[in-house]
Every structure is written in C-alpha cells, then in structure tokens.
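Below: one structure, written as structure tokens.
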Amino acid sequence: MTKIKTSELTGKALDWAVAVALGHEVKVRGWQDITDTLDPVEDAEMIAFHRERKTVRVSARQLPGSGMWPNPKYSTDWAQGGPIIEREEIGFFQKKDEGYCQAAKPGAEFVRRGPTPLIAAMRCFVASKLGDEVDVPEELL
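Numbering (the numbering used here), first residue to last: 2 to 142.
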C-alpha cells in the first residue's frame with residue numbers, strides 16, 4: 002500500500018477509494034491472477050494481452066453474499082457517481098477557462114478540485130469519508 006493524497010487520486014485508484022469509502026468489500030486483481038484462470042494454450046493471446054498491459058482489475062461487493070461488481074467507474078460514469086453526489090449533496094463550481102472543477106460538501110469542509118466534475122466530486126467524497134490521505138494498493142498507481 003502507498004499513501005496518496007485524496008486530491009491526487011485518479012483512475013482506478015480513485016474508483017477503488019470510492020468503493021472503500023462506500024464500505025464495499027473491494028478486491029484488486031493483477032494480470033497474474035487474471036491469467037491464472039485461463040488455459041495456457043487456448044487463451045495464449047489473452048494471456049499475452051494482459052501480461053503486456055499489466056492489467057489490473059478492481060471489483061467491489063456492495064452486500065455480503067452478493068456478486069462482485071467488476072471495474073466500478075464512479076469517477077467517469079455519471080450513472081455510478083451521480084447517486085453519490087446527490088445523496089452526499091456535493092455541489093460544483095466550474096472554471097472552464099482554468100481547466101478545473103471544484104466540488105464541495107455542505108459547509109465547505111471538504112473541497113476538492115479535478116479536471117472533471119465527477120473526479121472533483123469523488124475526491125471530495127473520499128476525503129469526507131477517509132481523510133486527506135488514503136493507503137492505496139500499489140498496483141493501482
């Protein structure tokens with residue numbers, strides 16, 4: 002695990018942190034874990050694909066006993082991040098000319114910037130639940 006500021010979280014690391022902040026069971030699988038389930042002869046191309054790209058997958062389980070939800074995309078998919086924004090009452094201020102968005106929770110205790118409204122909002126949400134720094138699996142950085 003590597004400590005990273007919530008204001009610097011992006012991509013899979015940010016989506017992982019959101020799932021953790023939501024209280025979900027979260028698993029990270031590297032390319033070795035993914036290819037272990039493949040047939041070395043029949044799936045040789047798929048194995049090479051994952052090995053070259055060093056594929057990392059994040060899965061989250063919302064409820065014990067429920068299926069894993071592969072690759073949550075809270076920071077890029079409004080259908081996943083939008084309900085969090087609404088429930089947490091996160092607001093936005095956008096400075097398009099300066100290339101950033103700012104998101105804040107009521108009372109402005111947690112204000113975070115990002116290149117998009119969703120990234121700013123998810124950073125804000127993570128900071129409000131987990132603090133200014135988060136221990137993130139190294140595979141996600």
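For glycine and all other residues, C-beta sits at the position ideal for the given N, C-alpha and C.
Reduced DSSP secondary structure (H/G/I, E/B, other) of residue i
i	result
T177	Nothing can be reported for residue 177, as the shown portion of the chain is limited to 2 through 142.
F93	strand
K106	coil
K28	strand
G100	coil
According to DSSP, residues forming a beta bridge with residue i
i	result
P42	Looking at the sequence provided, one finds Val at residue 42 rather than Pro. Paired residues: none, contrary to the question.
D133	D133 is not bridged to any residue.
V127	Beta-bridge pairing links V127 to no other residue.
Contact set for residue i: own chain, Cβ-Cβ below 7 angstroms, skip 5 residues either direction
i	result
K74	D16, Q81
Residues near residue i in its chain [Cβ-Cβ closer than 6 angstroms; skip 5 each side]
i	result
F111	C125, A128, S129
L119	S76, G82
Identity of the residue in the options nearest residue i by Cα
i	options	result
P116	D40, D78, K96	K96
R88	V27, T3, L23	L23
L131	L142, V21, F50	V21
D78	V19, L142, T3, M2	V19
Spatial neighbours of residue i in its chain, beta-carbon cut-off 8 angstroms, leaving aside the 5 residues before and after
i	result
D133	K6, T7, S8
I91	I85, A104, A105, K106, A122, C125, F126
M2	D136, V137, P138, E139
G12	S76, L141
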